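In the UniProt record's numbering, the protein residues as written are 1 to 117.
Ideal Cβ placement from N, Cα and C applies to all residues, glycine included.
If you're wondering where the values come from, they're calculated on a predicted model, not measured in any experiment.
Read through the structure below, which is laid out as structure tokens, and then see the notes.
Okay, structure coming up:
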């Protein structure tokens, strides 16, 4: 299984949560293995689920798990994560049969609480 991290990235006007595998030519060894001021090419995903391509973005923080990313986001001044966080959380909580695991407490947030993409 491929190891990856979760990244909160900033495209300027929009923030997005992505897997590190969606950052071009990026193979971090640990959660602090990125340059804070560097622009990376990150795959942008539309709400419809289609991919438009790579665009420059700054990695704000990175973590091995989504709950850890949520904590780190607060430390960089982001109190509300984009909708992509909830979508990834839901996807990560599905097992191979498509059944949601018992740990879904993070997905039980109020409707429309997260930023839209």
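Best match in the options for proximity to residue i [C-alpha to C-alpha]
{"i": "residue 67", "options": "37, 29, 80 and 41", "result": "80"}
{"i": "residue 90", "options": "65, 26 and 55", "result": "65"}
{"i": "residue 45", "options": "36, 55, 37 and 38", "result": "55"}
{"i": "residue 3", "options": "31, 12 and 14", "result": "31"}
Delimiting residues of the alpha helix (DSSP H) encompassing residue i
{"i": "residue 45", "result": "Not the alpha helix (DSSP H): residue 45 falls in the beta strand (DSSP E), residues 39-45."}
{"i": "residue 16", "result": "Careful: residue 16 lies outside any alpha helix (DSSP H), inside the beta strand (DSSP E) at 15-19."}
{"i": "residue 69", "result": "66-75"}
{"i": "residue 91", "result": "83-92"}
Residue i and residue j closer than 8 Å at C-beta
{"i": "residue 24", "j": "residue 40", "result": "yes"}
{"i": "residue 73", "j": "residue 10", "result": "no"}
{"i": "residue 60", "j": "residue 76", "result": "yes"}
{"i": "residue 88", "j": "residue 42", "result": "no"}
{"i": "residue 69", "j": "residue 6", "result": "yes"}
Residue i - containing beta strand (DSSP E), residue span
{"i": "residue 8", "result": "6-10"}
Exposure label - residue i; buried when at least 16 CB within 10 Å
{"i": "residue 29", "result": "exposed"}
{"i": "residue 22", "result": "buried"}
{"i": "residue 96", "result": "Unreliable placement is indicated for residue 96, whose pLDDT of 35 sits below 50; the coordinate value is still reported in the next sentence. It is exposed - the Cβ of residue 96 has fewer than 16 other Cβ atoms within 10 Å."}
{"i": "residue 48", "result": "exposed"}
{"i": "residue 35", "result": "exposed"}
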